[in-house]
Amino acid sequence: MRTSPPHAKLPFLYKQNPIRMNSPSPERIPGDRFLHSPGPTHIPAEVLNAMHRQPMDHGDPRLEQMIAVCETGLRRLLQTDRADVFMFISNGHGAWETTIENLLAPGQAVLIPGSGHFSEQWAMQAEATGRRVVRTPCRAGYPIDANAVEAALRADKKREIVAVFAVHTDTASSATCDLQAMRAAIDAAGHSALFVADIVASLAAAPFAMDALGVNVAVGASQKGLMCPPGFGFVAVDAHAGEIAANNGAPRYYWDWRRRKAEYSYRKFCGTAPQNLLYGLEAALALIEREGIAAVHARHALLARAVQAAVECWSKEGALSLHCRVPEARSVSVTTIDVDSGIDVEALRGVARERFQVAFAGGLGAQTGRAFRIGHLGDVNAAMILGCLAGIEAAMLVQGIPFGRDGVQKAVDCLAAG
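Quick look at the structure:
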């Protein structure tokens with residue numbers, strides 16, 4: 033007997049419950065489903081409400097003003113006084129590609145230190161566009177090895193490496209690298225390579241100061257700490273990187289930073305500006321500034337400690353463990369939990385999502401089917417974290433996964449201690 037594909041029921045579900053199209057049944061489920069992936073993240077009501085506005089015409093001066101507010105807000109968040117900000121209708125992979133296309137001509141080399149799944153994805157993208165990639169080894173559960181970066185640059189006797197592309201926080205491994213150590217490694221090698229940092233998963237969660245760190249290009253996106261929907265990527269480019277890009281003869285059009293260095297919005301976006309995404313970004317930046325960036329960083333650090341305390345307790349039975357082996361490198365944005373080979377991660381996620389209304393992420397790359405990930409960045413508070421942890425515990429009970437039973441209590445203790 034043939035069965036209808038899952039999408040065949042969507043119109044009916046939408047009529048029954050337009051807010052919960054992804055519900056497994058046409059019946060309304062009370063309350064909210066907790067979203068604890070490392071991206072997309074929970075979107076604040078202020079951002080959603082801001083986006084629910086009609087666009088303006090291209091010639092409206094208020095559009096230029098809004099774009100300027102977003103550019104200025106991003107610079108403040110990045111802690112840079114000297115970088116140009118270029119914004120794109122894209123996800124983080126698009127922001128990666130504009131960096132590749134502007135800084136490297138086909139055949140030129142880039143050093144991409146091993147940090148996990150996302151450093152390898154960036155490397156594959158660079159190779160797919162005709163660039164050469166030098167990699168440093170990646171150790172599962174460990175951040176980037178700055179010593180290996182220095183060694184690779186010293187070995188580049190002909191100075192063929194144009195840039196170092198470093199992922200600050202790899203959301204697959206949940207490890208955060210030391211950008212200051214990376215800058216020191218480049219300087220110690222006496223190399224002229226540009227320093228490019230992917231801060232997609234760390235901006236507005238972990239401290240980042242572009243100018244103080246000597247970062248030439250910062251690469252970001254909207255759907256994580258910035259608390260906005262996916263679809264908006266950006267780069268911040270200092271004068272040195274801008275000069276390298278201007279002298280790069282690689283053909284490009286949509287991604288070209290030179291074309292986007294303009295006053296008029298239509299040229300800044302190589303076409304129509306994503307006004308509703310900009311409305312949302314403007315509101316999100318205002319929320320961050322209202323809370324204060326130091327308070328935002330402190331909140332993320334506390335929530336991360338609570339999650340990791342719970343996971344350490346769960347690990348006592350031997351079926352689970354923290355993937356990142358270096359405590360000081362554990363991300364404030366996401367925590368990756370390794371599981372024993374006999375545990376069905378997707379079944380666990382399904383039970384948590386459909387029965388207990390807690391959505392979290394699975395493993396990526398080499399960790400697919402061998403890990404799950406709890407996102408704790410963006411518009412998240414203590415109560416949401418406790419609800420997430422309790423929902424995961426309930427799902428583990430249903431699935432018969434052995435775990436230390438005081439995990440939520442450990443998180444409560446951590447939060448209470450501050």
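Each step along the sequence shown adds one to the number in the numbering used here, with nothing skipped, and position 55 is 87. We put the beta carbon where it would ideally sit given N, CA and C, even for glycine.
Cβ separation of residue i and residue j, assumed to be a contact under 8 Å, to the nearest whole Å
i, j, result
"E182", "A141", "Rounded, the Cβ-Cβ distance is 16 Å, inconsistent with contact."
"I144", "R167", "6 Å"
"L211", "L185", "No, L211 and L185 are not in contact; Cβ-Cβ is about 16 Å, not under 8 Å."
"H74", "V412", "6 Å"
"A178", "A217", "4 Å"
"D370", "A338", "At roughly 19 Å, the Cβ-Cβ gap does not stay under 8 Å, so D370 and A338 are not in contact."
"S254", "L309", "7 Å"
"G105", "L317", "4 Å"
"R191", "S224", "7 Å"
"A236", "L109", "6 Å"
"N134", "R284", "7 Å"
"A238", "H332", "7 Å"
Pairwise C-alpha distance: residue j and residue i
i, j, result
"G312", "Q97", "15 Å"
"A427", "P72", "22 Å"
"H355", "V390", "21 Å"
"M259", "V79", "8 Å"
"L409", "M242", "20 Å"
"L319", "I231", "19 Å"
"M88", "L95", "7 Å"
"H90", "P434", "59 Å"
"D116", "I61", "46 Å"
"P76", "S122", "21 Å"
"A453", "Y174", "Any answer about residue 453 is impossible in this case: the structure gives the chain only from 33 up to 450."
"V198", "A155", "Before going further, note that residue 198 is Ala rather than Val in the sequence given. If you take the alpha carbons of A198 and A155, they lie about 10 Å apart."
"L226", "V269", "11 Å"
"I132", "A158", "6 Å"
"D376", "R357", "23 Å"
"A82", "A327", "23 Å"
"M416", "V444", "12 Å"
"R85", "G281", "41 Å"
"G324", "K189", "45 Å"
"Q153", "G439", "34 Å"
"G450", "F240", "22 Å"
"M53", "G252", "Note that M53 scores 43 on pLDDT, short of 50, meaning its location in the model is unreliable and no value can be drawn from it."
"E314", "V101", "7 Å"
"C209", "R215", "11 Å"
"R107", "E321", "12 Å"
"R437", "A336", "19 Å"
"A361", "P93", "45 Å"
"F301", "H329", "31 Å"
"I193", "D64", "49 Å"
"E386", "E425", "14 Å"
"P169", "F388", "40 Å"
"P359", "N279", "42 Å"
"D219", "P261", "37 Å"
Beta-carbon proximity check, residue i vs residue j, cutoff 8 Å
i, j, result
"A127", "G303", "no"
"A207", "G148", "yes"
"A342", "L429", "no"
"A393", "R405", "yes"
"G407", "H68", "yes"
"A379", "Q431", "yes"
"L447", "L334", "yes"
"V228", "A187", "no"
"A294", "V267", "no"
"G263", "P306", "yes"
"K256", "C345", "no"
"I99", "S297", "yes"
"T130", "F120", "yes"
"F118", "G423", "no"
"N248", "A273", "yes"
Residues that residue i bridges to, as DSSP identifies them
i, result
"T208", "T201"
"D230", "V199, V251"
"L354", "I369"
"P67", "This sequence places Leu at residue 67; Pro is not what is there. Note: L67 sits in a beta bridge opposite A391."
"L143", "V166, V196"
"D376", "Note: D376 sits in no beta bridge, so no partner."
"I406", "T367"
"D177", "In the DSSP output, where bridge partners are listed per residue, D177 has none listed."
"V101", "V101 pairs with nothing; no bridge assigned."
"F118", "V267"
Min CB distance residue i to chain B below 8 Å
i, result
"P169", "Absent from the structure is chain B; it holds one protein chain and no more."
Contact between the stretch 193-213 and the stretch 360-367 (3+ Cβ pairs under 8 Å): Short answer: they touch.
query: How do the stretch 130-140 and the stretch 158-175 stand: do at least 3 beta-carbon pairs fall below 8 Å, yes or no?
result: A contact exists between the stretch 130-140 and the stretch 158-175.
- request: Taking 8 Å as the threshold, find out whether the stretch 343-350 comes into contact with the stretch 274-290 through three or more Cβ pairs.
  value: Judged by Cβ distances under 8 Å, the stretch 343-350 makes no contact with the stretch 274-290, as fewer than three pairs qualify.
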